[in-house]
Each structure stands twice: as structure tokens, then as C-alpha cells.
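Protein chains in written order, with my numbering: chain L, 2 to 94; chain C, 43 to 355. Cβ atoms here follow ideal geometry from the backbone N, Cα and C, with glycine treated the same way. All of these numbers come straight from a predicted model, not from anything done at the bench. See below for the structure under consideration.
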Amino acid sequence: MTTESFQPTKDGIQAWCQSYIANLLNAPVAKIDPNTDFDKFGLDSAMAVSMVLDLEEQIGTEVSPSLLFEYTTIAELAEHLATVGEKGVGAAA
Amino acid sequence: MTTLQAEHSPKTDPKYGGSKEAILHHYDIGNEYWRLMLGPAYAYSAAIFEGPNDTLEAAQERKFRWHMKSAHIERAESVLEVGCGWGTLLRMISEEPQVKKVVGLTLSDAQTVHLKSMNLPKVEIRTENWAVHEAAPGTYDSIISIGAFEHFAKHQDSEEQNAVVYRDFFSRCHRWLNPNGAMSLQTIAFGTMDRKDASEFMKTEIYPDSDLPYLADIIKAVDGLFEVVAVRNDRFDYARSYDEWFKNLRARRDEAVALVGEEEVRRFERFFKIGSIGFRMGKIWLLRLALRPIHNDWNVMGTPSYAEGHRLA
Numbered sequence: 002m003t004t005e006s007f008q009p010t011k012d013g014i015q016a017w018c019q020s021y022i023a024n025l026l027n028a029p030v031a032k033i034d035p036n037t038d039f040d041k042f043g044l045d046s047a048m049a050v051s052m053v054l055d056l057e058e059q060i061g062t063e064v065s066p067s068l069l070f071e072y073t074t075i076a077e078l079a080e081h082l083a084t085v086g087e088k089g090v091g092a093a094a
Numbered sequence: 043m044t045t046l047q048a049e050h051s052p053k054t055d056p057k058y059g060g061s062k063e064a065i066l067h068h069y070d071i072g073n074e075y076w077r078l079m080l081g082p083a084y085a086y087s088a089a090i091f092e093g094p095n096d097t098l099e100a101a102q103e104r105k106f107r108w109h110m111k112s113a114h115i116e117r118a119e120s121v122l123e124v125g126c127g128w129g130t131l132l133r134m135i136s137e138e139p140q141v142k143k144v145v146g147l148t149l150s151d152a153q154t155v156h157l158k159s160m161n162l163p164k165v166e167i168r169t170e171n172w173a174v175h176e177a178a179p180g181t182y183d184s185i186i187s188i189g190a191f192e193h194f195a196k197h198q199d200s201e202e203q204n205a206v207v208y209r210d211f212f213s214r215c216h217r218w219l220n221p222n223g224a225m226s227l228q229t230i231a232f233g234t235m236d237r238k239d240a241s242e243f244m245k246t247e248i249y250p251d252s253d254l255p256y257l258a259d260i261i262k263a264v265d266g267l268f269e270v271v272a273v274r275n276d277r278f279d280y281a282r283s284y285d286e287w288f289k290n291l292r293a294r295r296d297e298a299v300a301l302v303g304e305e306e307v308r309r310f311e312r313f314f315k316i317g318s319i320g321f322r323m324g325k326i327w328l329l330r331l332a333l334r335p336i337h338n339d340w341n342v343m344g345t346p347s348y349a350e351g352h353r354l355a
């Protein structure tokens with residue numbers, strides 16, 4: 002999870018989330034399916050908050066908690082954030 | 043009085059009904075800092091939002107108007123607010139022409155300084171716990187308490203002890219209220235989560251010496267004292283309020299860090315996100331209750347005036 006190699010593209014954000022959740026759950030990255038709903042991983046609210054805050058730092062733009070309930074899989078969230086990032090909406094200075 | 047009530051009282055427990063230390067821990071980190079997060083409405087409780095383009099300020103005013111209606115301020119001369127924050131509602135109530143006196147209770151020294159500096163007409167500020175507040179029976183026509191109930195009980199106390207505190211609070215309010223009066227309450231409550239699963243972060247970092255009720259705790263505590271005219275669970279209002287405060291904090295983050303330091307700002311960012319997610323998941327609820335005191339007299343309970351007080355938006 003090094004910041005240097007990170008790209009805020011859909012794939013970059015998706016890989017980051019997979020690795021982050023794998024780490025939280027002590028599971029192999031391969032087991033974290035990007036098309037599985039977040040709640041199926043058994044994430045509690047504290048884990049979800051950690052992920053949102055660390056993801057914000059990683060991509061440099063705000064991640065509203067409401068997004069987790071609109072884009073309920075890693076793939077959907079990553080796609081949304083990558084699109085928002087491209088448009089420059091709320092992008093970091 | 044039961045043994046538990048005798049053992050659990052302001053005399054035996056200085057933190058009974060609300061711990062002053064816990065209040066100072068959360069609220070006295072600086073009025074400037076709170077103002078920066080809360081914006082011009084200067085209100086630290088869930089607003090009532092309407093539509094996607096609503097502003098926090100308009101939504102906060104709508105929330106206060108709802109409680110004013112719920113507590114029937116329009117016909118009140120004497121009003122009590124338990125937990126009056128930075129005085130936004132006290133000001134609105136004091137502007138009502140028929141209101142003659144408003145008493146605001148707080149435990150926060152920083153809020154007291156701000157409230158006194160407002161010099162509101164007809165308003166008396168008391169830095170005092172409700173558990174030691176003294177008022178003659180029937181003193182108030184309306185009682186409002188918004189976002190204070192969360193501090194009445196303590197997570198380290200037993201559920202039985204907390205039930206005594208809740209019952210005591212409503213008993214006192216019942217006694218202080220004019221039989222034809224009304225009460226409006228707003229509090230966070232446990233929703234689908236178990237009391238024992240409350241996170242250490244919330245219990246130690248944010249609200250030490252505090253605890254949340256379940257809706258059932260409130261219903262039990264008002265039984266025979268108040269009739270419930272309305273209950274709303276507006277949990278999404280609180281999620282959105284947290285999101286708005288988070289945005290305010292982020293927009294002026296540098297100023298916030300200069301005021302309270304990086305660590306404190308991070309703590310609040312995390313707190314607002316946890317709250318927002320918790321409300322969206324339904325783990326916690328935001329309850330608003332309209333209550334009327336119960337009396338045995340037919341000439342109170344069945345009168346047209348009482349019936350009129352039963353109407354709510």
C-alpha cells in the first residue's frame with residue numbers, strides 16, 4: 002500500500018480497497034471479490050470508517066460515507082471515485 | 043422510593059444525571075472551534091432536512107420550529123430548555139411575544155460564557171444539572187430537551203441504574219410542567235446495535251460517562267407520566283448533519299488545527315464519519331418525541347384546549 006505507485010484510476014482504487022479489506026480481515030487479497038457487497042465481508046462500522054478515511058488520504062478527495070450505501074461494492078465505488086476524480090470534482094489541490 | 047433509587051441519586055453520585063467532566067471533555071474544547079464546525083446555526087444536534095439542496099442553517103431552524111410546535115411554545119409563557127447548547131433555540135423562544143421567561147440549563151462552562159454574552163431578554167441561564175434544578179410544580183408550560191438525554195446515563199452503570207435516572211428525569215419534568223403543557227425531546231438511541239457493542243472510541247474519546255437509551259427505555263420511563271403524541275426516527279437527518287459538519291471542518295481545516303491541534307481535528311473527523319455511517323446503517327437512531335403530561339382530572343385530559351395541544355405537524 003505505498004502511496005508512490007498509487008494511481009486514482011478505477012483499477013488503482015479497486016486494488017487499494019481489495020488490499021485494504023484483505024488486511025483488515027486477515028484474508029488473502031484473492032478472496033476479496035470486488036463485486037461482493039461491502040456488508041458481505043462482515044465489515045463493521047468502525048472498519049468502514051477506517052477505510053473511508055484512509056481512502057480519502059490516498060486519493061486526496063473527500064469520500065462521503067453516503068457513497069458506501071449508493072455504491073455498495075468495491076468495483077462500483079472505485080468506478081464512481083475514478084470518474085469523479087477525472088472530472089476534477091472535489092479533487093485535491 | 044425503591045432501594046436502588048435511594049442508592050442512586052445526586053447525593054451518592056456527583057455524576058448522576060450527567061457528568062460535568064464528560065460535558066467539559068466534549069463541549070469545552072473551544073467555542074470558536076465548535077462554531078467553525080456547526081456554522082451560523084450554532085446548533086449541535088440533528089437538523090430536519092428537506093430536499094437535496096437544503097442548507098444546514100435552514101434545516102436547523104426547521105428542527106427548532108418542529109420542537110417549538112411539538113412543545114406548544116405558541117401558548118407558553120414559561121419555558122425550560124434542558125441542555126441549551128449555544129442558545130440558538132433560547133433566542134428563538136425569547137422572540138415569541140407571549141413568552142415571559144425562558145430558563146436554559148447547561149453543564150458547559152464555555153457555553154455559559156457564550157450564553158451570558160448573548161444578553162437575551164427574558165432568558166435565565168443556569169449552569170446546573172437537571173437533577174438538582176428546583177422549580178415549583180407547574181412552573182413551566184413547555185419543556186424542550188434536544189441532544190442532552192445522551193449524557194444522562196453512563197455506560198459503566200447498570201441498565202437498572204440508568205432506568206432510575208431516565209424515570210427520575212421524566213418524573214421531574216412531569217412535576218415541573220403545567221398540566222396543560224407539553225414536552226419535546228430529541229435524542230440519539232441505540233437502533234439495531236447492542237449496547238455492549240458500542241465502540242471503545244465512542245465511549246472513551248467522544249462521550250465518556252455517557253450512554254444511549256433504546257426507544258423501549260424511553261417508553262418505559264414515561265409510562266404513566268407522559269402520553270406519547272408522536273415519535274419520529276429521523277436517523278438520516280443525523281447522518282446528513284454529521285456530513286455537513288464534516289464538510290465545514292474540512293473547508294476550514296487549517297483554522298481548526300490552529301485552534302485545537304491536529305489530533306483533535308482528526309478525532310472529530312473520525313467521529314463524524316462513524317456517526318454518519320452508524321446512522322445510515324441503522325445501528326443508531328435519532329428519536330424525536332412529542333409528549334403530554336398525564337393527569338387524572340377529566341377537566342385537564344379531555345378539554346378542547348388539551349385536544350388542541352394534541353395536534354402536531
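Range covered by the alpha helix (DSSP H) that runs through residue i
{"i": "N204(C)", "result": "201–218"}
{"i": "L131(C)", "result": "130–136"}
{"i": "E286(C)", "result": "277–293"}
{"i": "K158(C)", "result": "151–160"}
{"i": "P9(L)", "result": "Where P9(L) is concerned, there is no enclosing alpha helix (DSSP H), given that its DSSP letter is neither H nor E."}
{"i": "A49(L)", "result": "46–60"}
{"i": "I92(C)", "result": "For the record, residue 92(C) in the displayed sequence is Glu; it is not Ile. Element bounds for E92(C): n/a, residue is neither H nor E."}
{"i": "H68(C)", "result": "62–69"}
{"i": "E350(C)", "result": "346–351"}
{"i": "M343(C)", "result": "340–343"}
Reduced DSSP secondary structure (H/G/I, E/B, other) of residue i
{"i": "S112(C)", "result": "helix"}
{"i": "G223(C)", "result": "strand"}
{"i": "V299(C)", "result": "helix"}
{"i": "Y182(C)", "result": "strand"}
{"i": "L25(L)", "result": "helix"}
{"i": "T3(L)", "result": "Because the pLDDT of T3(L) is 49, which lies under 50, any placement of that residue in the model is unreliable, and the number read from its coordinates should be weighed accordingly. Three-state DSSP puts T3(L) in coil, outside helix and strand."}
{"i": "S187(C)", "result": "strand"}
{"i": "V264(C)", "result": "helix"}
{"i": "R274(C)", "result": "strand"}
{"i": "A83(C)", "result": "coil"}
{"i": "G317(C)", "result": "helix"}
{"i": "I33(L)", "result": "coil"}
{"i": "A258(C)", "result": "helix"}
{"i": "D236(C)", "result": "coil"}
{"i": "S252(C)", "result": "coil"}
{"i": "V307(C)", "result": "helix"}
{"i": "H50(C)", "result": "coil"}
{"i": "Q15(L)", "result": "helix"}
{"i": "H175(C)", "result": "coil"}
{"i": "Q140(C)", "result": "coil"}
{"i": "F194(C)", "result": "coil"}
{"i": "E63(L)", "result": "coil"}
{"i": "A57(C)", "result": "First, the residue type needs correcting, since residue 57(C) is Lys and not Ala in the sequence shown. Coil, per DSSP."}
{"i": "S20(L)", "result": "helix"}
For residue j and residue i, believed in contact at Cβ under 8 angstroms, the rounded distance
{"i": "P335(C)", "j": "L219(C)", "result": "5 angstroms"}
{"i": "F39(L)", "j": "L69(L)", "result": "6 angstroms"}
{"i": "Y284(C)", "j": "G317(C)", "result": "4 angstroms"}
{"i": "S187(C)", "j": "V145(C)", "result": "So it is not a contact: roughly 12 angstroms between Cβ atoms."}
{"i": "L122(C)", "j": "A224(C)", "result": "About 12 angstroms separates the two Cβ atoms, so there is no contact after all."}
{"i": "G127(C)", "j": "Y86(C)", "result": "6 angstroms"}
{"i": "W24(L)", "j": "T74(L)", "result": "What sits at residue 24(L) in the sequence shown is Asn, not Trp. About 18 angstroms; that fails the 8 angstroms criterion."}
{"i": "F314(C)", "j": "F288(C)", "result": "4 angstroms"}
{"i": "L98(C)", "j": "A89(C)", "result": "6 angstroms"}
Residue(s) in a DSSP beta bridge with residue i
{"i": "W327(C)", "result": "A231(C)"}
{"i": "D38(L)", "result": "T74(L)"}
{"i": "E269(C)", "result": "R334(C)"}
{"i": "R77(C)", "result": "Answer is none; R77(C) lacks a bridge partner."}
N- and C-terminal bounds of the beta strand (DSSP E) containing residue i
{"i": "G86(L)", "result": "That residue, G86(L), is in no beta strand (DSSP E); its alpha helix (DSSP H) goes 75–88."}
{"i": "E166(C)", "result": "165–169"}
{"i": "V144(C)", "result": "143–148"}
{"i": "S120(C)", "result": "120–124"}
Per-residue contacts from residue i into chain A (C-beta, under 7 angstroms)
{"i": "M323(C)", "result": "In the displayed structure, chain A is absent; the protein chains listed are L and C."}
- Query: Is the stretch 102–120 of chain C in contact with the stretch 211–229 of chain C, if contact means three or more CB pairs nearer than 8 angstroms?
  - Reply: Result yes; three or more Cβ-Cβ pairs closer than 8 angstroms.
- Query: Are there three or more Cβ pairs, one per stretch, closer than 8 angstroms when the stretch 86–93 of chain C is compared with the stretch 170–182 of chain C?
  - Reply: no
- Query: With a cut-off of 8 angstroms, do at least 3 Cβ pairs link the stretch 257–265 of chain C to the stretch 296–312 of chain C?
  - Reply: no
- Evaluate the contact criterion for the stretch 63–79 of chain L versus the stretch 12–20 of chain L: three or more CB pairs, one atom per stretch, below 8 angstroms. yes
- Could you tell me whether the stretch 58–77 of chain C touches the stretch 203–212 of chain C, where touching means 3 or more Cβ pairs closer than 8 angstroms? yes
- Is the stretch 62–81 of chain C in contact with the stretch 151–160 of chain C, if contact means three or more CB pairs nearer than 8 angstroms? yes
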